[in-house]
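Structure first, commentary second.
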Amino acid sequence: MARCPKLSGILLKRRLFYMAAIPRKPDDDVLRESLFEPSSFKLKQFSGKHKRGRPRVCWANEVFKHAVAVAGSQDSLGVSWQDTAAAQAAWQMAVQQHCESF
């Protein structure tokens, strides 16, 4: 019987690749502006009135947690997401290894 990758691992891998592509976009990009602080890899903190009860799950926060787990720390995440071919190849290898466990 052939071993097929789990769907959850495939989807996580795609989300991590997409999340890494967003900070490489120009600062005036709408998607980058909505998720990240200008000229940084730090997620934007949303402010405003919160409703009662459990906080809603935010896509960016959940994927960012997985990205930090892949990179090891938030500081090394910025290095992994740089716009160089070597950094992108290293990120892809790290994500591949991380997602095999899912």
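Numbering (the working numbering), first residue to last: 1 to 102. In this text, a Cβ means the ideal position worked out from N, Cα and C, and glycines have one as well.
State buried or exposed for residue i, treating a residue as buried only when at least 16 other CB atoms are found within 10 Å of its CB.
i     : result
Trp59 : exposed
Leu31 : exposed
Leu12 : buried
Leu7  : exposed
Met93 : exposed
Taking the alpha carbon of residue i as the reference point, which residue from the options has its own alpha carbon closest?
i     : options                    : result
Arg24 : Lys13, Met93, Ala89, Ser40 : Ser40
His70 : Ala86, Ala90, Asp83, Gln82 : First, the amino acid is wrong: residue 70 is Val here, not His. Residue Ala90 is the option with its Cα nearest to Val70.
Glu62 : Asp28, Leu35, Gln97        : Leu35
What span of residues does the alpha helix (DSSP H) with residue i cover, start to end?
i     : result
Arg56 : Taken as a continuous stretch (DSSP letters only), Arg56 belongs to no alpha helix (DSSP H), as it is neither H nor E.
Ile22 : Per DSSP, Ile22 belongs to no alpha helix (DSSP H) and is neither H nor E.
Please state the DSSP three-state secondary structure of residue i.
i      : result
Phe131 : Residue 131 cannot be examined here, being either before or after the span of the chain that is shown, 1 to 102.
Phe64  : helix
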